[in-house]
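There are 2 protein chains.
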Amino acid sequence: MPDLAATRFAFEDFVKGETIEFHTVTVTADDIIDFAADWDPQPMHLDEEAGRATPLGGLAASGWHMICLIMRGMCEGFLLDSTSQGSPGVDEVNWLKPLRPGDTLTMRYTVLDKRMSRSRPHIGLVHFLFEAINQRGETVATIRNPIMFARREAAEAAR
Amino acid sequence: MPDLAATRFAFEDFVKGETIEFHTVTVTADDIIDFAADWDPQPMHLDEEAGRATPLGGLAASGWHMICLIMRGMCEGFLLDSTSQGSPGVDEVNWLKPLRPGDTLTMRYTVLDKRMSRSRPHIGLVHFLFEAINQRGETVATIRNPIMFARREAAEAAR
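Protein sequence lines, in the order shown, are assigned to chains H and S. Quick note on the working numbering: the first sequence kicks off at 5 and runs consecutively. Quick note on the working numbering: the second sequence kicks off at 5 and runs consecutively.
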């Protein structure tokens, strides 16, 4: 079992109202096509010409590719160094702008709310808004979802 | 441009209230670990022993793996043979049960609602509930989200 007390981010370390940048990634045409071939093989995610005939206007990433990029960014940015216990689900996903080859996404979270679990007192829920913003300052995708974190005191008591 | 009028599923073909099974897939431990390594490298999605120390109780798929499986199932089940124009986002995702090695998911959709677009009269929005159900009859994950489809008449008029 990982030493939860030694991790950097426990429930107590998230501050309501705070906004933190946690990751940046640049996406290539091959990245877009590879993800689509695996998980969302619709023509506009596989081919520039096919994309032009759709509202996306050209080759653009699957919406789920954006979400997976945010998920991996979360892991690298803070989650793998945290007391995370997973998430029960997602309140909302918005796809606001296309993600195109060469785009760079900067990811940030805002802590919307946090509260202790009623049924499991060693765990708290942190409600996040995650935003991915491109190099033109446009918000490309957002997710609102809660993540469960063990309390640092609980992790220390279990040592 | 694909011949939209020749596709099987246009806006008109979705019936409010109807529930349709559209895909089945069985997941291996390697599938779970491969997805996690790409997109969600948290220990409980990579390793049986690490998973035992978490609420998942053993190796279990990333929640986003479940959603990507549903997305690919949608593509194979009906979306690639449709007038789909993509989706603006997701109203809700729920992860209800772990997805473990050897589990078989059956996917179905229910049409919750449908309406014409106000701004683009050749397009309609279909609001779906997607459910993935395991071999024990347990609902593992659900997504509620709208998908935009071109109307068949509009597609035929454009021929």
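Using N, Cα and C, we set each Cβ at its ideal position, and we do this for glycine too. No experiment lies behind these values; they were computed from the predicted model shown.
Check, Outcome
"CA nearest to the CA of leucine 109 of chain S, picked from S:Lys118, S:Asp34, S:Ala136 and S:Gly81", "S:Ala136"
"Histidine 27 of chain S, enclosing beta strand (DSSP E) - first and last residue", "23-30"
"Beta carbon proximity, glycine 90 of chain S to chain H, threshold 8 Å", "yes"
"Proximity test, histidine 49 of chain H beta-carbon vs the ligand ADP heavy atom, cut-off 7 Å", "You won't find the ligand ADP in this model; it holds no ligand whatsoever."
"Alpha-carbon to alpha-carbon, arginine 156 of chain H and glutamate 80 of chain S", "45 Å"
"Any C-beta of chain S under 8 Å from that of asparagine 98 of chain H", "yes"
"Closest residue to leucine 73 of chain S among S:Thr146, S:Leu50, S:Arg140 and S:Ala14 (Cα-Cα distance)", "S:Thr146"
"For aspartate 42 of chain H, the first and last residue of its enclosing alpha helix (DSSP H)", "33-43"
"Cβ-based neighbour list, methionine 5 of chain S, same chain, cut-off 7 Å, excluding 5 preceding and 5 following", "Note on methionine 5 of chain S: pLDDT 42, under 50, position unreliable in the model; no value is reported."
"CB contact flag (valine 31 of chain H, leucine 129 of chain H, <8 Å)", "no"
"Rounded straight-line distance, which links the Cα of serine 86 of chain S to that of isoleucine 37 of chain H", "20 Å"
"Member of S:Met48, S:Leu83 and S:Ala65 whose CA lies at the smallest distance from the CA of aspartate 35 of chain S", "S:Ala65"
"Boundaries of the alpha helix (DSSP H) in which arginine 148 of chain H is found, first to last residue", "Here arginine 148 of chain H belongs to no alpha helix (DSSP H); instead the beta strand (DSSP E) covers 143-154."
"Cα-Cα separation between phenylalanine 26 of chain H and glycine 21 of chain S, rounded to whole angstroms", "42 Å"
"Backbone secondary structure at arginine 104 of chain S - three-state DSSP", "coil"
"Whole beta strand (DSSP E) elements within the stretch 84-141 of chain S, 3-residue minimum", "96-99, 108-120 and 127-137"
"Three-state class that DSSP yields for phenylalanine 15 of chain S in the structure shown", "helix"
"Which of helix, strand or coil DSSP assigns to leucine 73 of chain S", "helix"
"Any chain S beta carbon closer than 8 Å to leucine 116 of chain H", "no"
"Straight-line Cα distance separating glutamate 96 of chain S from aspartate 17 of chain S", "24 Å"
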